[in-house]
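Report on the structure given below.
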Amino acid sequence: MTTRACLIGFLCFCLISLSILTPLGAFRGPDQAWADASWAPQGEKEAFVYLYDGDRSAYQQQLTESRGNINGVFLPWLEVSKEGRLTTNADPELLRWLHSNGLKGAPFLTNNFDRTAGDAALSPQRIASLAAELVAFVDETGADGLNIDLENFSVTRRDAYVAFLQALARPLHAKGKTLSVAVAPATRANTGDWSDAYDYRAIGATADKVIVMAYDEHWATSLPGPVASIGWVENVTRYMSTLIAPEKLILGIPFYGRQWVNGKNGNGVGYKRALRLSAEYGAPIEWIADQGAFRLRYWGSNGQNELWLDNMASLQAKMRLVQVYNLAGVAAWRLGLEDPQLWNNFQPWLQELKFSDTKYHWATKEISEMVKQGLLSGSPDGKFDPDRKITRAEAIQLIARHLNLPAGSSIFFRDVPNDYWAREAISRAVKAGLINGRGEGFFAPNETMTRAELALLLQRAYSLQNTGSVSPFWDVPSTHYAAQAIAALTSRRWLTGFSDGSFQPDQAMTRAQLAVLLKRTEPTISLY
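Position 443 of the sequence shown, counted from 1, bears residue number 1006 in the numbering used here, the numbering being contiguous throughout.
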């Protein structure tokens, strides 16, 4: 993945100090791979990282900091020259160290985005011999497989590339080795760019794993913008999963950002570098919600600087797609420049979409399901805040999305201006007759949503009739404005009371409670 020079992890608003772990075990021979002191996680979804631009000591340090989160590593040991010749740079000691800690290691082959080199490697007279050299290299080093990362070769080499992969797959599989392939991102066929050189279906049928490099949406010579906006990444994932079996498809995520100066030369930028620039120039780091990414802008002696970056939370938003589309896992380009916070909750999120503050919460299952469906999300700091009280605006936004309410009409609330973030959702809910203001022209969007208000809203949404007693709770008299609604919802077990026989109608709903409620209403078909 040599199209990106330097990678990131993002900016946080304060620098995190990380404890340094001591690697387990001494170096061991290749025959002692998969030792008992394994760092590799055991979940269904796998995680891989690319190593680049470092030495053994640096790589060991980086992998130690990600301990317990990574299944395998792609090693920068193989290149093809402009003449199509193979050059190697193996480090057997590093591979033994990986194996001693239960990690898989596979070298990756790159042409450094050089079309001449890529075309030469895929020439008819070179394919067979290059494949044989690579298989021999994997066998001699004791690597666990091979990763092919040839990029920007000519579209005329499309069939040759598949033939090259087939020439690799057969002998590698015979030796018990795996073949993975990195491919360009695409959202449709015939884009007119270098992605047209990939026969995605044939590659998917040949390789064991296919890594779609869902990044460089904006690249070094493009205008400034996010490396991988969330909408674009989902479009890539959706399209690629129609061409390649999801159980083979790996989502490539960026551990880097880019920095443009006067709108040009979007070079890669790392986490610590971005933090230093933010502090040095006193420039705020902005969360750009519709892009699902962060932006830093400032004026320096070299002119106007604009950086686009990802942190733990924005990377988690992309990783969510692994669960949504049931992909095989993730692969990151590249290790060492990521936001260190990412590793604090990496596996729980990858495997089950659990936030750091919901892993042991009573509503964790429902929260994860609603996150998977895109109804709920975390905050920019990567947490969910399950016990935080939810506002009327937040609740309406979620319910309007959950019910797929039709477009609304003009609303006139003094505290809901035209640019208010939830105005459209409030408009939809008001038009549908689900909720009203709180009098005197106010909607009170930032006040909390009470249990009674939510019960009334859902009764109206689903046209529920009360099938039980009017008021099973001592604190909800029959004259209460939401008595019928509360009875209707509690009879269906959508809402329940408390052990003292109360309902506490004026108690504010929390984010966790709303997640559970949305999950319980799923079997019910809305009229909208």
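Here a beta-carbon is modelled for each residue, glycine too, at the ideal position from N, C-alpha and C.
Note that the coordinates shown come from a computational prediction; the quantities given were computed from them, not determined experimentally.
Helix, strand or coil: which one does DSSP assign to residue i?
i: Leu938; result: coil
i: Leu1120; result: Coverage of the chain is limited to positions 564 through 1091, which leaves residue 1120 absent and any answer about it impossible.
i: Met933; result: helix
i: Ile974; result: coil
i: Trp757; result: helix
i: Ser692; result: helix
i: Asp722; result: helix
i: Lys952; result: strand
i: Phe1082; result: Per the sequence shown, the amino acid found at residue 1082 is Lys instead of Phe. Looking at Lys1082 - three-state DSSP - the assignment turns out to be helix.
i: Ala791; result: coil
i: Gly739; result: coil
i: Lys645; result: coil
i: Leu1077; result: helix
i: Asn828; result: strand
i: Gly559; result: This structure cannot settle anything about residue 559, because the visible part of the chain is limited to 564 through 1091.
i: Thr1106; result: Residue 1106 lies beyond the residue range present for the chain, which begins at 564 and ends at 1091; the question has no answer from this structure.
i: Leu1027; result: coil
i: Arg659; result: helix
i: Asp682; result: helix
i: Leu697; result: helix
i: Arg751; result: coil
i: Glu780; result: coil
i: Pro801; result: Sequence inspection shows Arg at residue 801; the Pro mentioned does not correspond to that position. Three-state result, Arg801: helix.
i: Tyr622; result: helix
i: Ala603; result: coil
i: Ile807; result: coil
i: Gln1092; result: Outside the modelled stretch of the chain, which goes from 564 to 1091, sits residue 1092, for which no answer is possible.
i: His965; result: helix
i: Val1039; result: coil
i: Val796; result: helix
What does residue i pair with, by DSSP beta-bridge criteria?
i: Pro817; result: Trp896
i: Phe611; result: Gly635 and Ala894
i: Met1072; result: Beta-bridge pairing links Met1072 to no other residue.
i: Ala745; result: Ile774
i: Trp823; result: Glu869
i: Ile766; result: Ile766 pairs with nothing; no bridge assigned.
i: Ala669; result: Phe637
i: Asn1132; result: Nothing about residue 1132 can be reported from this structure: the residues present for the chain run from 564 to 1091 only.
i: Leu812; result: Val773
Would you say the beta carbon of residue i comes nearer than 6 Å to a heavy atom of the ligand HEM?
i: Ile998; result: In the structure shown, the ligand HEM is absent, as is every other ligand, since no ligand is present at all.
Between residue i and residue j, which are expected to be in contact by the criterion C-beta below 8 Å, what is the C-beta distance as a whole number of angstroms?
i: Ala610; j: Gly665; result: Going by Cβ atoms, the distance from Ala610 to Gly665 rounds to 13 Å, so no, they are not a contact pair.
i: Tyr834; j: Ala846; result: The Cβ separation is near 16 Å, so there is no contact.
i: Ile793; j: Gly855; result: 3 Å
i: Val1033; j: Ala1046; result: 6 Å
i: Val893; j: Leu916; result: No, Val893 and Leu916 are not in contact; Cβ-Cβ is about 13 Å, not under 8 Å.
i: His781; j: Gly829; result: 7 Å
Taking 7 Å as the CB-CB limit, is residue i close to chain C?
i: Gln1067; result: No chain C appears in this structure, which consists of one protein chain only.
The stretch 651-667 in contact with the stretch 675-683 per 3-pair CB rule at 8 Å: no
What runs of the alpha helix (DSSP H), each 4 residues or longer, lie entirely inside the stretch 845-931? 875-887 and 909-915
Are the stretch 707-715 and the stretch 734-754 in contact at 8 Å, needing three or more beta carbon pairs? yes
If we require 4 or more residues per run, which alpha helix (DSSP H) segments fall completely within the stretch 974-1017? 986-994
Can we say the stretch 681-691 touches the stretch 643-650, given the rule of at least three CB pairs closer than 8 Å? yes
Contact the stretch 618-635 vs the stretch 686-700: 3+ CB pairs below 8 Å: no
Below 8 Å, can you find three or more Cβ-Cβ pairs linking the stretch 1020-1029 to the stretch 995-1011? yes
Three Cβ pairs or more, each shorter than 8 Å: is that satisfied between the stretch 796-812 and the stretch 863-878? no
If contact is defined by three or more beta carbon pairs under 8 Å, each pair taking one atom from either stretch, is the stretch 816-823 in contact with the stretch 867-878? yes
Below 8 Å, how does it come out for the stretch 1062-1070 and the stretch 999-1017: are there three or more Cβ pairs, yes or no? yes
Would you be able to state if there are at least three C-beta pairs under 8 Å between the stretch 872-892 and the stretch 922-941? yes
Are three or more beta carbon pairs between the stretch 898-909 and the stretch 952-966 nearer than 8 Å? no
Within the chosen definition, does the stretch 961-968 reach the stretch 984-995 through at least 3 CB pairs nearer than 8 Å? yes
Is the stretch 754-763 in contact with the stretch 714-722, if contact means three or more CB pairs nearer than 8 Å? yes
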